[in-house]
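Chemist:
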Amino acid sequence: MIIDCDANATYLPDERIRGVIAACLRNLGNPSSLHRGGQRAKAAVEEARASIRRVAGAAENDVVVFTSGATEANNTVIASVGTQGGDLLSAANEHPCVLAPLARHAERGGVVHLVRPDQDGVVSVDDVVERLTPTTTLISIMIANNEVGTLNPISEIVREVRRVAPKAIIHTDAAQMLGKGTLSMRELGVDVMTVSAHKIGALTGTGAMIIRHGVQLHPLILGGPQEGKVRGGTENVLGVSVFGAVADLITPEIPARVSSMAAARDAFEEYVVREIPDVEIHGARRQRLPNTSSLYIKGVRADDLIVAMDLEGILISSGAACSSGKPEPSHVLVSMGYDEERTRSTIRVSFRADAEREIVAHVASTLARIVERIRSVSDKAGETSYVSAR
Ligand code: PLP
34 MIIDCDANAT YLPDERIRGV IAACLRNLGN PSSLHRGGQR AKAAVEEARA
84 SIRRVAGAAE NDVVVFTSGA TEANNTVIAS VGTQGGDLLS AANEHPCVLA
134 PLARHAERGG VVHLVRPDQD GVVSVDDVVE RLTPTTTLIS IMIANNEVGT
184 LNPISEIVRE VRRVAPKAII HTDAAQMLGK GTLSMRELGV DVMTVSAHKI
234 GALTGTGAMI IRHGVQLHPL ILGGPQEGKV RGGTENVLGV SVFGAVADLI
284 TPEIPARVSS MAAARDAFEE YVVREIPDVE IHGARRQRLP NTSSLYIKGV
334 RADDLIVAMD LEGILISSGA ACSSGKPEPS HVLVSMGYDE ERTRSTIRVS
384 FRADAEREIV AHVASTLARI VERIRSVSDK AGETSYVSAR
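Spelled out as C-alpha cells, the structure:
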C-alpha cells in the first residue's frame, strides 16, 4: 500500500474522478466550432468557469481564463504587467514559476523588488509598503507557501497597497490555498488570483487566472481569440471540465476537509515533537495550511528520509527543489534565513483530507523509527550531521 503524504505536490484524484471524467467525455468538441458539438463543449467550459468562480469566492462578473496550469497563469500575469513597464514587487519565497519570469524581467532591464519573508516564511505588510514606489505596477504575493505552508496577510497587504499605489495590479498565487480553506477573492480584494487544477484532485495540465472585472491582462500565448483573447489555443475541454466538476464536488466539503487535514497534521506533529528529539516545526505558531508540516530534523538528511520512507511505502518530500538533476537547497528556507544544514534536513509532509487516524499514526511512528535508525548509524560512524543511511 502506498501512503501519499505529498498532497502539496499533487492531490491525487479520489475515486469519484472516474465518474466525473466519464461525464465530461460527452462534451469534447472544439468550443470555437459553430455546430452543436462545438456549442456543447463551449457550454461545458462556461459551466466550469462558473464553478471556478464559486470555489474561489470570486464575483459573478470576474473573468476566469483557463491555462495549462498555475505556472502558465503566473507567467502570464507577470509578462502582461511587466511589458507595460514599471517596477514589479514580489517575495523571495514565491514559487519558481513566479521568480523565474521576474528574473527574466530583471535580466531584460526591468526593475524587480523581492521582499524577504520572516523566519516562518511570512511576508510583512510593512516590508511590502516600504518597497513600493510611485512606479510599482505589480505586487505578486502568494497566499500560502507550498513548502512551509504559512499564510501571508493578503487582505492587509491589499489595503495598504491600494492606499500607496492605487493603480498597481495585485496578484496572488492561490495554487496551494485552493481546497485547503475558505477562499474569497472578493474579500481578499486582489486583482488577479491564479489556481491549479491538480492541487485539488483534478487533472494536471490545467489552471486558471481569475481576473477582477475591469482589469485588463494581455496574452502570453498568442493565437486565436479564445479565452476572451487573453489565452490563445483551443481550450483543454476535458481538463477544464474536470477542474470545474471537482471544484463543485469539493466546494461544500471544504470545512470538513480542513478539519480532517488539521486533525491529521496536528496528531502527526504532536507525535513527532514528543517522540523525535531535536525537531522543529517551521511556522508552528503562525496561520498555516491545515495539511502541511515542514519539519527540521537536526542532522538527518531529507533525501535519506525520503528514500527510507518511500521504501516503507510512504511518500513525503523535501524542501529541496531539483534543478537539472542537482538538488539545490530550498530557496524558500534560504529566504527564511536558514543555513545549509537546516535546508538539507527539512522535510515536508502534506496530508490529504482522507488521511485516516491510524494511517497518520503509522506515518509518524515510521518516521520516528527511521530517524532513530539514521541517527544511530551516524553516531556509530562518529559523524554529527549529513549522514547517509544508504
Ligand atoms: N504555485 C504554487 C504555490 C505551487 O505550489 C505550484 C505547484 O507546485 C504552482 C504554482 C505551479 O502549478 P502547476 O503545476 O499547475 O503549474
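Residue numbers (our numbering): 34 to 423. From the three backbone atoms N, C-alpha and C, an ideal C-beta is built for every residue, glycine too.
Does the Cβ-Cβ distance between S398 and N324 come in under 8 Å?
Modeler: Not in contact: S398 and N324 (Cβ atoms no closer than 8 Å).
Chemist: Which first and last residues belong to the alpha helix (DSSP H) in which D160 is found?
Modeler: For D160, the uninterrupted alpha helix (DSSP H) segment begins and ends at V158 to R164.
Chemist: Could you spell out where the beta strand (DSSP E) holding Y304 opens and where it closes?
Modeler: Counted as a single uninterrupted DSSP element, the stretch harbouring Y304 is not any beta strand (DSSP E) but the alpha helix (DSSP H) occupying residues I287 to E308.
Chemist: Per DSSP, Y329 is paired with what?
Modeler: E313 and T379
Chemist: Work out the CA separation of I392 and L348 for me, nearest whole Å.
Modeler: 12 Å
Chemist: To which residues of the same chain is R59 closer than 8 Å at the C-beta, ignoring the five residues directly before and after it?
Modeler: R73
Chemist: For S123, name the three-state secondary structure that DSSP assigns.
Modeler: strand
Chemist: With DSSP collapsed to three states, give me the class of A91.
Modeler: Reduced to three states, the DSSP call for A91 is coil.
Chemist: Measuring alpha carbon to alpha carbon, tell me which residue in A106, V410 and A136 is nearest E260.
Modeler: A106
Chemist: Looking at chain D, is there any beta carbon in it that lies within less than 8 Å of the beta carbon of Q209?
Modeler: You won't find chain D in this structure, because it holds only one protein chain.
Chemist: Any chance the CB of Q209 is under 7 Å from a heavy atom of the ligand PLP?
Modeler: yes
Chemist: Check the C-beta distance from I243 over to V270 and give it rounded, since I have them as a contact under 8 Å.
Modeler: In fact, because the Cβ distance is near 19 Å, the residues do not count as touching under 8 Å.
Chemist: Output the boundary residues of the beta strand (DSSP E) element that contains I172.
Modeler: T169 to S173
Chemist: Given a cut-off of 8 Å, decide if A208 and S188 are closer than it, judged by their beta-carbon atoms.
Modeler: Contact flag unset, no.
Chemist: Would you call K213 buried or exposed, if buried means 16 or more other Cβ atoms sit within 10 Å of its Cβ?
Modeler: buried
Chemist: So does H204 have its beta carbon nearer than 7 Å to some heavy atom of the ligand PLP?
Modeler: Result no, Cβ not under 7 Å from the ligand PLP.
Chemist: Just to check, is the beta-carbon of T109 closer than 7 Å to a non-hydrogen atom of the ligand PLP?
Modeler: no
Chemist: Using 8 Å for Cβ pairs, my map puts T116 next to D153. What's the rounded Cβ distance?
Modeler: So it is not a contact: roughly 34 Å between Cβ atoms.
Chemist: Measure the C-alpha to C-alpha separation of N94 and N185 and round it to an integer number of angstroms.
Modeler: The straight-line gap separating the alpha-carbon atoms of N94 and N185 is approximately 26 Å.
Chemist: Three-state secondary structure (DSSP) at L132?
Modeler: When secondary structure is reduced to three states using DSSP, L132 falls in the helix class.
Chemist: Sorry if obvious, but does the Cβ on S229 come closer than 7 Å to a heavy atom of the ligand PLP?
Modeler: yes
Chemist: As a quick exercise: from R196, L121, G272 and Y371, pick the residue whose alpha carbon is nearest that of G102.
Modeler: G272
Chemist: How would you write the range of the alpha helix (DSSP H) that I254 sits in, first residue to last?
Modeler: Counting along the chain, I254 falls outside any alpha helix (DSSP H), and DSSP gives it neither H nor E.
Chemist: Rounded to whole angstroms, how far is the Cβ of V404 from the Cβ of I283, which I believe are closer than 8 Å?
Modeler: So it is not a contact: roughly 34 Å between Cβ atoms.
Chemist: Beta carbon of V148, beta carbon of V194: below 8 Å?
Modeler: No, the Cβ-Cβ distance between V148 and V194 is not below 8 Å.
Chemist: From which residue to which residue does the alpha helix (DSSP H) around F276 run?
Modeler: Secondary structure note for F276: its alpha helix (DSSP H) is the uninterrupted segment V270 to I283.
Chemist: Count the CB pairs spanning the segment 194-204 and the segment 165-174 that are closer than 8 Å, and state whether there are at least three.
Modeler: yes
Chemist: With C-beta atoms as the reference, is E180 less than 8 Å away from S327?
Modeler: When the beta-carbon positions are compared, E180 and S327 come within less than 8 Å of each other.
Chemist: Could you tell me which uninterrupted beta strand (DSSP E) segments, each at least 3 residues in length, are contained entirely in the segment 171-219, listed from first to last along the chain?
Modeler: Along the length of the segment 171-219, whole beta strand (DSSP E) runs at least 3 residues long occupy 202-206, reported in chain order.
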